[in-house]
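Residues in the sequence shown are numbered from 2 upward in steps of one, following the working numbering. Positions of the beta carbon are idealized from the N, C-alpha and C atoms, including for glycine.
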Amino acid sequence: MAAERSTADILDAAVHVREAARNATSGATGVDTVLAALSEVMAYDHASLARWDPLRRRHTTLAGSYPDDATAYIETRLHHDPVFPVLRSPARGGLWLRDVPGQLLAASPGFQEVLRPLGVEDGVAQCLFAADGRYVGMLNVSTRRPRRTSDPARAVVTLLTEALAAAVGSPACAPPRRVAADARRPGGLSPRELQVLAELTTGRTNREIAERLHITPRTVGTHIEHILAKLDLPNRAAAAARAAAWGIEPSR
Numbered sequence: 002m003a004a005e006r007s008t009a010d011i012l013d014a015a016v017h018v019r020e021a022a023r024n025a026t027s028g029a030t031g032v033d034t035v036l037a038a039l040s041e042v043m044a045y046d047h048a049s050l051a052r053w054d055p056l057r058r059r060h061t062t063l064a065g066s067y068p069d070d071a072t073a074y075i076e077t078r079l080h081h082d083p084v085f086p087v088l089r090s091p092a093r094g095g096l097w098l099r100d101v102p103g104q105l106l107a108a109s110p111g112f113q114e115v116l117r118p119l120g121v122e123d124g125v126a127q128c129l130f131a132a133d134g135r136y137v138g139m140l141n142v143s144t145r146r147p148r149r150t151s152d153p154a155r156a157v158v159t160l161l162t163e164a165l166a167a168a169v170g171s172p173a174c175a176p177p178r179r180v181a182a183d184a185r186r187p188g189g190l191s192p193r194e195l196q197v198l199a200e201l202t203t204g205r206t207n208r209e210i211a212e213r214l215h216i217t218p219r220t221v222g223t224h225i226e227h228i229l230a231k232l233d234l235p236n237r238a239a240a241a242a243r244a245a246a247w248g249i250e251p252s253r
């Protein structure tokens with residue numbers, strides 16, 4: 002079982018998300034780095050940041066790891082879903098799947114046709130608003146296996162909405178590149194898990210990996226546990242061999 006992260010770990014990860022969001026807002030990095038940092042706050046299987054286009058009346062995905070059919074739903078149909086008016090209420094701090102009434106889920110094509118077939122059991126959809134109150138887009142995060150999302154992580158996602166909204170609404174954000182989901186996330190690993198997997202090919206210890214990725218050794222250990230479980234591998238040496246076979250290398 003993965004080690005429970007402390008509140009301090011989660012708050013430290015939130016700082017990294019804010020930094021990534023500021024860099025994306027200025028155009029220094031892409032929005033994908035925001036999702037990679039967010040995986041430190043809460044582990045996920047799929048996530049996306051989408052911008053609302055008021056002229057075309059649809060969302061545009063800036064970064065994401067959902068399969069193509071789920072991405073298409075978010076972009077073109079989610080704003081017609083019965084759940085969306087609840088999501089878009091500015092007073093709501095995100096809607097967690099486990100908190101949605103069963104009757105509303107039964108009426109939601111997004112859950113019945115998209116999330117349920119993916120095996121999604123929890124996650125959050127968070128609408129994002131600019132400082133002047135304009136709706137600018139949304140964050141979607143989904144997990145397949147049942148996981149306990151701690152109260153600090155749930156609160157932190159809400160507190161990060163201002164930074165996420167700035168990144169999503171920034172003109173500096175480049176348009177998305179259409180890449181097949183499997184090519185983008187081999188093995189179904191999250192962006193951060195791919196980074197940790199790449200580091201395993203070097204033989205570095207958890208502490209050395211943590212220093213390179215600016216996270217805690219404990220978080221590195223958690224990611225390695227997730228990697229081994231998702232890839233059905235016995236140990237980190239086998240994971241390193243799989244990374245080498247895939248041609249995954251750490252960034253310099």
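Opposing strand residues paired with residue i [DSSP bridges]
i	result
M43	Beta-bridge pairing links M43 to no other residue.
G138	R52 and L129
S143	H47 and G124
H60	W53
Status (buried if at least 16 other CB within 10 Å, exposed otherwise) for residue i
i	result
S252	exposed
S7	exposed
G111	buried
D133	exposed
D54	exposed
D183	Note that D183 scores a pLDDT of 38, beneath 50, so its modelled location is shaky and nothing firm can be said.
Alpha carbon of residue i to alpha carbon of residue j, nearest angstrom
i	j	result
V142	G204	31 Å
P86	A38	28 Å
P177	T61	A caution first: P177 carries a pLDDT of 44, below 50, which makes its placement in the model unreliable, though a value can still be read off. Their Cα atoms are separated by approximately 8 Å.
P83	V158	23 Å
D123	E250	31 Å
A242	L234	10 Å
R89	E163	15 Å
V101	A108	11 Å
L50	T206	32 Å
H17	W97	23 Å
L63	S27	15 Å
Candidates the options, of which the one nearest residue i by Cα
i	options	result
P118	A9, D70 and K231	D70
Y136	V32, R219, R59 and W247	R59
Y67	A199, Q196, P218 and S191	S191
G95	A29, A211, L140 and P218	L140
Boundaries (first-last residue) of the alpha helix (DSSP H) holding residue i
i	result
A21	T8 to S27
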